[in-house]
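Here is the structure we will look at.
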Amino acid sequence: MSADIQRIAEFLWLEADLLDGKDYQAWLELWDDDGKYIVPVQRQTENFEDVLNYAYDDADMRTMRVARLTSGESASAVAASVTVRTLSRFRQIDPAPDGAMRVRCAQHLAETTRGHTRMVPCDVTYTLREADGALRLAGKIVLLANSDHTLTNMTYLP
Numbered sequence: 046m047s048a049d050i051q052r053i054a055e056f057l058w059l060e061a062d063l064l065d066g067k068d069y070q071a072w073l074e075l076w077d078d079d080g081k082y083i084v085p086v087q088r089q090t091e092n093f094e095d096v097l098n099y100a101y102d103d104a105d106m107r108t109m110r111v112a113r114l115t116s117g118e119s120a121s122a123v124a125a126s127v128t129v130r131t132l133s134r135f136r137q138i139d140p141a142p143d144g145a146m147r148v149r150c151a152q153h154l155a156e157t158t159r160g161h162t163r164m165v166p167c168d169v170t171y172t173l174r175e176a177d178g179a180l181r182l183a184g185k186i187v188l189l190a191n192s193d194h195t196l197t198n199m200t201y202l203p
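Count along the sequence shown from 1, add 45, and you get the number used in my numbering.
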């Protein structure tokens, strides 16, 4: 693994660990203000603005989603899932139009709620920027492998 990919993988493992540990405030701090977090309903699209998405979050929406997940007052905060993610198959792809790095990887997400465990395999594309020597999330697109099935639980962030 090249030094660049190793550094990127370590950053993305940190992001996964923050999500699994429900350290959502630290997760929010990884993001650039203009970054987009996208989980489309359909895998076969690139025009995310014009299709139905489970999530299409800018900074304000990410903050509101985290508030719902942590407030204890919404359905998404009651019986929140326990998640364990494994990321692998890191590959740098063509840079974003603004020159930001883009990396695609596989994510295997085990989600357990109310005694049932479900596997949610995903292809994830990250857009990363460097600022002051640190990587920042400028975008995250999560393509659910089973997107043609019903996503029955949104008590976690894929």
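Using N, Cα and C, we set each Cβ at its ideal position, and we do this for glycine too.
In this text, all values refer to a predicted model and were calculated from it rather than measured experimentally.
So V5 and A104 are in contact, right, with Cβ under 8 Å, and what is the actual spacing, rounded? The structure shown does not extend to residue 5, since the chain is modelled only from 46 through 203, so no value can be given for it.
Every unbroken beta strand (DSSP E) inside the stretch 65–121 [3 residues or more]: 76–85 and 98–102
DSSP beta-bridge partners for G184? K81 and T172
Three-state class that DSSP yields for L202 in the structure shown: coil
Rounding to the nearest angstrom, what Cα-Cα distance links D78 and T157 in this structure? 31 Å
Should R136 be labelled buried (16 or more other beta-carbon atoms within 10 Å of its own) or exposed? exposed
So is Q89 buried or exposed if we call it buried at 16+ other beta carbons inside 10 Å? By the Cβ neighbour-count rule, Q89 is exposed, with fewer than 16 other Cβ atoms within 10 Å of its own.
Would you call P203 buried or exposed, if buried means 16 or more other Cβ atoms sit within 10 Å of its Cβ? When all chains shown are included, P203 counts as buried.
Hey, L57 and V148: beta-carbon distance below 9 Å or not? yes
Under a Cβ-count criterion, where at least 16 other Cβ atoms within 10 Å of its own Cβ denotes burial, should T172 be classed as buried or exposed? Classification of T172: buried, given that the 10 Å Cβ count is 16 or more.
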